[in-house]
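Okay, so the sequence shown: first residue is 78 according to my numbering, each after it adds one.
What follows is a single structure, written as structure tokens, with notes after it.
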Amino acid sequence: MVGFLKDSLNDTKALLDQRKTGSISGFVYAIMVFALERFACVREELSLTPPAKKIPLMLAWMDVLSKAPVNGTRIETFRDLLQNMKRDEVVWQPYHDFGELSDEFKDQLSMIYLRVPCICLNVVAYNRPDKCFRQLGLKKSELQRLSRSRSKHTKVKFSQHKGQDWRAVRPFYRKVNEEWDNHHNYSVRKSEAPQQNKSFSLEERFLT
78 MVGFLKDSLN DTKALLDQRK TGSISGFVYA IMVFALERFA CVREELSLTP PAKKIPLMLA
138 WMDVLSKAPV NGTRIETFRD LLQNMKRDEV VWQPYHDFGE LSDEFKDQLS MIYLRVPCIC
198 LNVVAYNRPD KCFRQLGLKK SELQRLSRSR SKHTKVKFSQ HKGQDWRAVR PFYRKVNEEW
258 DNHHNYSVRK SEAPQQNKSF SLEERFLT
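Structure follows, in structure tokens:
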């Protein structure tokens, strides 16, 4: 989902830069929850109170939004709010209380510190925790330097490769899969020891 969401945001930004759209494409609900968690000014404009219990997050906000009054605020109002925000008005780390997570997910928390490609079929988007370390509760001094990698998403066309192993026919796709297979080498946190023997199930890969 992260790969798909990043791809949708990139498409939306490109269209907004060209002034061809005023809307957001992709997984809109996830983008909306992202904004509601981090930007108090948006919640205040919509007269919304954050859910007391945030896990599972999407369902918690769905309950809040289902009871919210209809709001006629124009998109220009939100654009002005976001453009004029100051740094101290942003909630950098809204999900700091990991104690609410069930035990089955706690061993996956190290994944948020990995600078790895998120692969969603033919869409590849890099997770860059080194660019949003404040949201992860890290200081700049706690980051370790990694070799440079791509930061922009890439769409790969595979229509001519039906029934084939995409890694065999496209070097780029093979490269990003190899990076994922060695994800334990790409933690941006200094205190995060490489987990050489750690492997994630198919379900855990989708969580990334």
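Cβ coordinates follow ideal geometry from the N, Cα and C atoms, glycine included.
query: Span of the alpha helix (DSSP H) holding CYS118?; result: 117–122
query: Inspect the beta-carbon positions of ALA129 and VAL119 and report whether they are closer than 8 Å.; result: no
query: By DSSP, does VAL141 sit in helix, in strand, or in coil?; result: helix
query: Can you list, in chain order, the stretches of the alpha helix (DSSP H) that have 4 or more residues and sit fully within the segment 150–207?; result: 152–160, 180–183
query: Would you grab the beta carbon distance between GLN241 and GLY214 for me? Rounded to a whole angstrom, and I think it's under 8 Å.; result: 43 Å between Cβ atoms; not a contact.
query: How about ILE132 and LEU178: do their beta carbons lie closer than 8 Å?; result: yes
query: Give me the Cα-Cα distance between ARG115 and LYS217, rounded to the nearest whole angstrom.; result: 20 Å
query: Measure from the alpha carbon of ASN262 to the alpha carbon of each residue in GLN160, VAL147, MET109, PRO194, then state which is nearest.; result: PRO194
query: What number of angstroms, rounded off, separates the C-alpha of ARG244 from the C-alpha of HIS238?; result: 11 Å
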